[in-house]
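Quick note: this note's numbering has the sequence shown finishing at residue 325, numbered continuously throughout. Even glycine gets a Cβ: it sits at the ideal position worked out from N, Cα and C.
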Amino acid sequence: MRGRYKSWTPGFIYAHPEVSPRALDAADPFYRGDLVLEIGSGKGGFLLSLAALHPSKHFLGLERDVSCCGTAAKEAVEEERENIRFLNLDFDDCFEELAKLRFDEIHVNFPDPWPKLRHAKRRLFYPERLKRILSLLSKNGRLEIRTDNDDLYDYLLASYEEAGACILPPPYPEEECESEYEQRFKAMGKDIHRAFLAKKGK
Ligand SMILES: C[S@@+](CC[C@H](N)C(=O)[O-])C[C@H]1O[C@@H](n2cnc3c(N)ncnc32)[C@H](O)[C@@H]1O
124 MRGRYKSWTP GFIYAHPEVS PRALDAADPF YRGDLVLEIG SGKGGFLLSL
174 AALHPSKHFL GLERDVSCCG TAAKEAVEEE RENIRFLNLD FDDCFEELAK
224 LRFDEIHVNF PDPWPKLRHA KRRLFYPERL KRILSLLSKN GRLEIRTDND
274 DLYDYLLASY EEAGACILPP PYPEEECESE YEQRFKAMGK DIHRAFLAKK
324 GK
């Protein structure tokens, strides 16, 4: 379900460093205060909805696909939303800088399942990577995961302990913002798995 390349997006990102800076600089004052991260933010619908609901928090979307990232950045500019940024970066490539920050919430919505065993290391829930994601959480922070993929969900359930995580009960009230993929899968009648994780023994 890869989207097509949008040739205007690299130029848009270049012209809007206030929403889509080229690099992640953890010293930037934008990253002070309550922080929420989405890894693989796609076209940004989920994070934009959250940012509208919580104007006092700051939101960071990481998206390695330039067309998706540019589409999300354009929406943020059009909505004049100042508490959100979409960076056209791969999680692994900016981890060192990310590690200087702490996030109250991290969201991973409908990550690529990489179903072949030989590609397991590319999964966002590969235990080493899951460990890195969890290390970015603040003391009471939580990681929220959504997927329609039964096998990936089973893989997560088999991996989270090795990564040093524990399962939390769903927060109450559960927030109902949806990503583009979630809307698409729900329209197809698919069931969605949701998991809430924290660092064990925090
Ligand atoms: C299946 S799409 C889901 C998009 C969005 N979260 C949603 O639910 O609509 C997965 C997205 O994650 C992005 N992605 C995958 N691995 C990534 C990584 N390591 N760093 C940043 N983005 C990543 C892909 O480019 C893709 O846009």
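Buried versus exposed call for residue i [16 or more other C-beta atoms within 10 Å across all chains shown]
i       : result
Asp-314 : exposed
Lys-282 : According to the sequence provided, residue 282 is Ser. The question's Lys does not apply to it. Per the 10 Å Cβ criterion, buried.
Pro-327 : Outside the displayed range of the chain (124 to 325) lies residue 327, so it cannot be described from this structure.
Ile-290 : exposed
His-242 : exposed
Arg-127 : exposed
Glu-305 : buried
Separation of residue j from residue i, as counted between CA atoms
i       : j       : result
Ala-195 : Gly-264 : 25 angstroms
Pro-140 : Glu-267 : 28 angstroms
Asp-334 : Val-189 : Outside the shown range of the chain (124 to 325) lies residue 334, about which nothing can therefore be said.
Met-124 : Lys-309 : With a pLDDT of only 47 at Met-124, under 50, the local geometry of the prediction cannot be trusted, and the value read off the model is given with reservation. Near 15 angstroms, if we compare the C-alpha coordinates of Lys-309 and Met-124.
Gly-287 : Leu-259 : 13 angstroms
Cys-217 : Arg-187 : 11 angstroms
Gly-165 : Ser-261 : 24 angstroms
Met-93  : Cys-191 : Here the chain covers residues 124 to 325 and nothing more, so residue 93 does not appear.
Asn-206 : His-181 : 5 angstroms
Residue i Cβ short of 7 angstroms to ligand 1 heavy atom set
i       : result
Glu-198 : no
His-276 : Reading off the sequence shown, one finds Tyr at residue 276, where the question assumed His. Result no, Cβ not under 7 angstroms from ligand 1.
Glu-331 : A query on residue 331 cannot be resolved here, the shown segment of the chain reaching from 124 to 325 and no further.
Glu-303 : yes
Leu-266 : no
Ile-162 : yes
Rounded distance between the beta-carbons of residue j and residue i, thought under 8 angstroms
i       : j       : result
Phe-233 : Leu-279 : Phe-233 to Leu-279, Cβ: 13 angstroms. No contact.
Lys-322 : Leu-240 : Actually they do not touch by this definition, with Cβ atoms about 28 angstroms apart.
Asp-274 : Pro-236 : 7 angstroms
Gly-163 : Ala-199 : That belief does not hold up - the Cβ atoms of Gly-163 and Ala-199 are roughly 17 angstroms apart, past 8 angstroms.
Phe-153 : His-230 : Actually they are not in contact, since the Cβ atoms of Phe-153 and His-230 sit about 18 angstroms apart, beyond 8 angstroms.
Residue i at chain B interface by Cβ criterion, 8 angstroms
i       : result
Leu-210 : Among the chains in the structure shown there is no chain B, since it carries only a single protein chain.
### At least three beta-carbon pairs within less than 8 angstroms, the segment 219 to 228 to the segment 295 to 305
no
### Task
Would you check if there are 3 or more beta carbon pairs closer than 8 angstroms linking the segment 203 to 210 to the segment 140 to 158?
yes
### Query
Quick check: the segment 149 to 157 against the segment 173 to 191, are there 3 or more CB pairs under 8 angstroms?
yes
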